[in-house]
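Chemist: Numbering (the numbering used here), first residue to last: 144 to 328.
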(Lines of atoms letter the chains of each structure in order from A; the text may use other names.)
(Lines give C-alpha, C1' and ligand atoms only; values in the text may rest on other atoms or scores of the structure.)
Protein backbone atom coordinates (compact mmCIF):
# COMPACT_ATOMS: atom_id res chain seq x y z
CA UNK A 144 0.00 0.00 0.00
CA UNK A 145 2.74 2.46 0.94
CA UNK A 146 4.64 1.64 -2.23
CA UNK A 147 1.63 2.52 -4.39
CA UNK A 148 1.17 5.79 -2.50
CA UNK A 149 4.87 6.66 -2.59
CA UNK A 150 5.54 5.79 -6.21
CA UNK A 151 2.20 6.70 -7.82
CA UNK A 152 0.72 9.77 -6.11
CA UNK A 153 -0.95 10.86 -9.35
CA UNK A 154 -2.92 7.59 -9.52
CA UNK A 155 -4.03 7.98 -5.91
CA UNK A 156 -4.92 11.63 -6.54
CA UNK A 157 -7.04 10.72 -9.56
CA UNK A 158 -8.95 8.18 -7.48
CA UNK A 159 -9.45 10.76 -4.72
CA UNK A 160 -10.53 13.27 -7.38
CA UNK A 161 -13.25 10.88 -8.55
CA UNK A 162 -14.51 10.59 -4.97
CA UNK A 163 -14.38 14.39 -4.61
CA UNK A 164 -16.36 14.81 -7.84
CA UNK A 165 -19.01 12.37 -6.60
CA UNK A 166 -19.27 14.10 -3.24
CA UNK A 167 -19.41 17.51 -4.90
CA UNK A 168 -22.17 16.36 -7.24
CA UNK A 169 -24.11 14.96 -4.27
CA UNK A 170 -23.69 18.22 -2.39
CA UNK A 171 -24.89 20.25 -5.42
CA UNK A 172 -27.97 18.05 -5.76
CA UNK A 173 -28.94 17.95 -2.08
CA UNK A 174 -27.32 20.96 -0.47
CA UNK A 175 -26.44 18.69 2.47
CA UNK A 176 -23.86 20.43 4.66
CA UNK A 177 -22.16 17.13 5.57
CA UNK A 178 -21.53 16.33 1.90
CA UNK A 179 -19.94 19.78 1.42
CA UNK A 180 -17.62 19.23 4.38
CA UNK A 181 -16.77 15.72 3.15
CA UNK A 182 -15.98 17.19 -0.29
CA UNK A 183 -13.53 19.67 1.22
CA UNK A 184 -11.96 17.04 3.47
CA UNK A 185 -11.51 14.63 0.56
CA UNK A 186 -10.09 17.40 -1.64
CA UNK A 187 -7.43 18.08 1.02
CA UNK A 188 -6.27 14.48 0.66
CA UNK A 189 -4.92 15.23 -2.84
CA UNK A 190 -2.02 17.45 -1.72
CA UNK A 191 -1.56 15.14 1.28
CA UNK A 192 -0.98 12.24 -1.14
CA UNK A 193 1.81 14.16 -2.90
CA UNK A 194 3.33 15.19 0.44
CA UNK A 195 3.31 11.57 1.65
CA UNK A 196 4.82 10.39 -1.63
CA UNK A 197 7.61 12.90 -1.20
CA UNK A 198 8.26 11.86 2.41
CA UNK A 199 8.34 8.08 1.85
CA UNK A 200 11.47 6.64 0.23
CA UNK A 201 10.84 3.18 -1.20
CA UNK A 202 13.37 0.45 -1.89
CA UNK A 203 13.03 1.11 -5.62
CA UNK A 204 13.85 4.81 -5.08
CA UNK A 205 16.90 3.90 -2.97
CA UNK A 206 18.20 1.65 -5.74
CA UNK A 207 17.61 4.35 -8.36
CA UNK A 208 19.46 6.86 -6.17
CA UNK A 209 22.44 4.49 -5.97
CA UNK A 210 22.41 3.99 -9.75
CA UNK A 211 22.32 7.70 -10.57
CA UNK A 212 24.94 8.61 -7.94
CA UNK A 213 27.26 5.93 -9.29
CA UNK A 214 26.68 7.07 -12.88
CA UNK A 215 27.54 10.66 -11.91
CA UNK A 216 30.73 9.52 -10.16
CA UNK A 217 31.79 7.40 -13.14
CA UNK A 218 31.13 10.29 -15.52
CA UNK A 219 33.34 12.51 -13.33
CA UNK A 220 36.03 9.78 -13.31
CA UNK A 221 35.83 9.72 -9.50
CA UNK A 222 36.61 6.05 -8.98
CA UNK A 223 36.43 6.04 -5.19
CA UNK A 224 32.95 7.61 -5.20
CA UNK A 225 31.86 5.26 -7.98
CA UNK A 226 32.40 2.20 -5.79
CA UNK A 227 30.73 3.53 -2.63
CA UNK A 228 27.59 1.52 -3.39
CA UNK A 229 29.48 -1.77 -3.79
CA UNK A 230 29.29 -3.96 -0.68
CA UNK A 231 31.31 -7.00 -1.69
CA UNK A 232 35.06 -6.43 -1.25
CA UNK A 233 36.10 -8.55 -4.26
CA UNK A 234 33.53 -6.87 -6.50
CA UNK A 235 34.68 -3.45 -5.31
CA UNK A 236 38.29 -4.31 -6.11
CA UNK A 237 37.27 -5.62 -9.54
CA UNK A 238 35.57 -2.28 -10.27
CA UNK A 239 38.55 -0.31 -8.96
CA UNK A 240 40.82 -2.34 -11.26
CA UNK A 241 38.56 -1.82 -14.27
CA UNK A 242 37.63 1.88 -14.00
CA UNK A 243 41.15 3.35 -14.43
CA UNK A 244 41.36 1.68 -17.86
CA UNK A 245 38.91 4.26 -19.21
CA UNK A 246 38.47 8.02 -19.21
CA UNK A 247 34.75 8.79 -19.23
CA UNK A 248 33.40 11.89 -20.96
CA UNK A 249 29.65 11.26 -20.88
CA UNK A 250 27.43 8.61 -19.33
CA UNK A 251 23.65 8.27 -19.51
CA UNK A 252 21.54 5.49 -18.03
CA UNK A 253 18.09 4.58 -19.27
CA UNK A 254 15.68 1.67 -19.58
CA UNK A 255 16.17 0.70 -15.92
CA UNK A 256 14.36 -2.49 -14.95
CA UNK A 257 14.33 -3.50 -11.28
CA UNK A 258 13.21 -7.01 -10.33
CA UNK A 259 13.04 -7.88 -6.64
CA UNK A 260 14.00 -11.49 -5.89
CA UNK A 261 11.06 -12.96 -4.01
CA UNK A 262 11.88 -15.13 -1.04
CA UNK A 263 15.44 -13.89 -0.69
CA UNK A 264 16.83 -12.97 2.69
CA UNK A 265 18.29 -10.44 2.90
CA UNK A 266 16.15 -8.92 0.18
CA UNK A 267 17.86 -8.80 -3.23
CA UNK A 268 17.09 -7.09 -6.51
CA UNK A 269 18.42 -7.60 -10.01
CA UNK A 270 18.78 -4.42 -12.03
CA UNK A 271 19.10 -4.47 -15.80
CA UNK A 272 19.86 -1.12 -17.46
CA UNK A 273 21.24 0.39 -20.62
CA UNK A 274 24.21 2.73 -20.33
CA UNK A 275 25.39 4.95 -23.13
CA UNK A 276 29.01 5.90 -22.55
CA UNK A 277 31.40 8.16 -24.39
CA UNK A 278 34.86 7.16 -23.24
CA UNK A 279 38.51 6.89 -24.16
CA UNK A 280 40.97 4.17 -23.31
CA UNK A 281 43.54 5.36 -20.79
CA UNK A 282 46.21 3.81 -22.97
CA UNK A 283 45.20 6.24 -25.73
CA UNK A 284 44.35 3.57 -28.30
CA UNK A 285 40.72 4.72 -28.60
CA UNK A 286 39.49 8.29 -28.08
CA UNK A 287 35.92 9.56 -27.54
CA UNK A 288 34.16 6.39 -28.60
CA UNK A 289 30.43 6.05 -27.95
CA UNK A 290 29.77 2.66 -26.41
CA UNK A 291 26.26 1.43 -25.55
CA UNK A 292 26.38 -1.23 -22.81
CA UNK A 293 23.90 -3.42 -20.99
CA UNK A 294 24.70 -3.37 -17.27
CA UNK A 295 23.38 -6.03 -14.90
CA UNK A 296 23.64 -5.33 -11.17
CA UNK A 297 22.74 -7.43 -8.16
CA UNK A 298 21.68 -5.30 -5.19
CA UNK A 299 21.26 -6.52 -1.63
CA UNK A 300 19.42 -4.74 1.16
CA UNK A 301 21.72 -4.03 4.09
CA UNK A 302 20.75 -4.05 7.80
CA UNK A 303 20.70 -0.21 7.78
CA UNK A 304 18.05 -0.30 4.95
CA UNK A 305 20.52 0.86 2.31
CA UNK A 306 20.96 -1.03 -0.95
CA UNK A 307 24.45 -2.02 -2.08
CA UNK A 308 25.78 -3.88 -5.12
CA UNK A 309 27.08 -7.39 -4.52
CA UNK A 310 27.85 -8.22 -8.16
CA UNK A 311 27.87 -6.55 -11.57
CA UNK A 312 28.69 -7.18 -15.18
CA UNK A 313 28.35 -5.30 -18.45
CA UNK A 314 28.17 -6.45 -22.03
CA UNK A 315 27.05 -5.23 -25.44
CA UNK A 316 23.34 -4.42 -25.77
CA UNK A 317 22.90 -7.49 -27.94
CA UNK A 318 24.73 -10.76 -27.64
CA UNK A 319 26.97 -12.14 -24.97
CA UNK A 320 30.25 -11.15 -23.43
CA UNK A 321 32.94 -9.36 -25.43
CA UNK A 322 36.56 -8.36 -24.76
CA UNK A 323 35.44 -5.51 -22.48
CA UNK A 324 33.11 -7.60 -20.30
CA UNK A 325 34.73 -8.02 -16.87
CA UNK A 326 35.80 -11.44 -15.71
CA UNK A 327 33.70 -12.35 -12.73
CA UNK A 328 35.40 -13.83 -9.69
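Virtual Cβ for every residue (Gly too), placed ideally from N, Cα, C.
#1: Assuming residue 150 and residue 201 are in contact, meaning their beta carbons sit under 8 angstroms apart, how far apart are those beta carbons, in whole angstroms?
#2: Pull up the CB-CB distance for residue 289 and residue 315, whole angstroms please, since I reckon it's below 8 angstroms.
#3: Do residue 302 and residue 273 have their C-beta atoms within less than 8 angstroms of each other?
#4: Assuming residue 265 is part of the alpha helix (DSSP H), what are its boundary residues?
#5: Taking the runs of the alpha helix (DSSP H) that are 4 residues or longer, which of them lie wholly in the region 221 to 308?
#6: Measuring alpha carbon to alpha carbon, tell me which residue in 182, 311 and 220 is nearest residue 163.
#7: In the DSSP assignment, find the alpha helix (DSSP H) that holds residue 174 and state where it starts and stops.
#8: Thinking just about the alpha-carbon of each residue, which of 234, 219, 157 and 148 is nearest to the one in residue 198?
#9: If I follow the unbroken alpha helix (DSSP H) through residue 217, where does it start and stop?
#10: If you check the beta carbons only, do residue 188 and residue 159 fall under 8 angstroms apart?
#11: Nearest-angstrom Cα distance between residue 226 and residue 179?
#12: Is residue 231 near residue 317, with beta carbons less than 8 angstroms apart?
#13: Rounded to a whole number of angstroms, what is the C-alpha to C-alpha distance between residue 234 and residue 241?
#14: Excluding the five sequence neighbours on either side, which residues of its own chain have a C-beta within less than 6 angstroms of the C-beta of residue 311, listed in chain order?
#15: For residue 196, collect the residues of the same chain with a Cβ closer than 7 angstroms to its Cβ; drop the 5 residues on either side in sequence, then sort them by chain order.
#16: When every heavy atom of the ligand ZN is checked, does at least one fall within less than 7 angstroms of the C-beta of residue 263?
Modeler: Quick answer:
#1: Here residue 150 refers to the residue found at position 7 of the chain shown. Here residue 201 refers to the residue found at position 58 of the chain shown. Confirmed, about 6 angstroms.
#2: Residue mapping note: residue 289 aligns to position 146 of the chain shown, counting from 1. Residue mapping note: residue 315 aligns to position 172 of the chain shown, counting from 1. No, residue 289 and residue 315 are not in contact; Cβ-Cβ is about 13 angstroms, not under 8 angstroms.
#3: Here the question's residue 302 lines up with position 159 in the chain shown. Here the question's residue 273 lines up with position 130 in the chain shown. No.
#4: Residue 265 sits at position 122 when you count from the first residue of the chain shown. First-last for residue 265: undefined, no H or E at that position.
#5: 222 to 225 and 232 to 241
#6: Residue mapping note: residue 163 aligns to position 20 of the chain shown, counting from 1. Taking only the C-alpha atoms, the option nearest residue 163 is 182.
#7: For the purposes of this step, residue 174 is taken as residue 31 along the chain shown, with counting starting at 1. It is not in any alpha helix (DSSP H) - residue 174 carries neither H nor E in the DSSP assignment.
#8: Taking the first residue of the chain shown as position 1, residue 198 is located at position 55. The shortest Cα separation from residue 198 among 234, 219, 157 and 148 belongs to 148.
#9: As a position in the chain shown, residue 217 is number 74, starting the count at 1. Its alpha helix (DSSP H) spans residues 202 to 218.
#10: Residue numbering aside, residue 188 sits at position 45 when the chain shown is read from its first letter. Residue numbering aside, residue 159 sits at position 16 when the chain shown is read from its first letter. Yes.
#11: Sequence index remark: in the chain shown, residue 226 carries index 83 (1-based). Sequence index remark: in the chain shown, residue 179 carries index 36 (1-based). Rounded to the nearest angstrom, the two C-alpha atoms are 56 angstroms apart.
#12: Numbered from its first residue, the chain shown carries residue 231 at position 88. Numbered from its first residue, the chain shown carries residue 317 at position 174. Not in contact: residue 231 and residue 317 (Cβ atoms no closer than 8 angstroms).
#13: Along the chain shown, one-based indexing puts residue 234 at 91. Along the chain shown, one-based indexing puts residue 241 at 98. About 11 angstroms.
#14: Numbered from 1 along the chain shown, position 168 holds the residue referred to as residue 311. The answer, listed in chain order, is 296.
#15: Numbered from 1 along the chain shown, position 53 holds the residue referred to as residue 196. Once the five neighbours on either side are set aside, the close Cβ partners of residue 196 are 148, 149 and 152.
#16: As for the ligand ZN, it is missing from this structure, which has no ligand bound.
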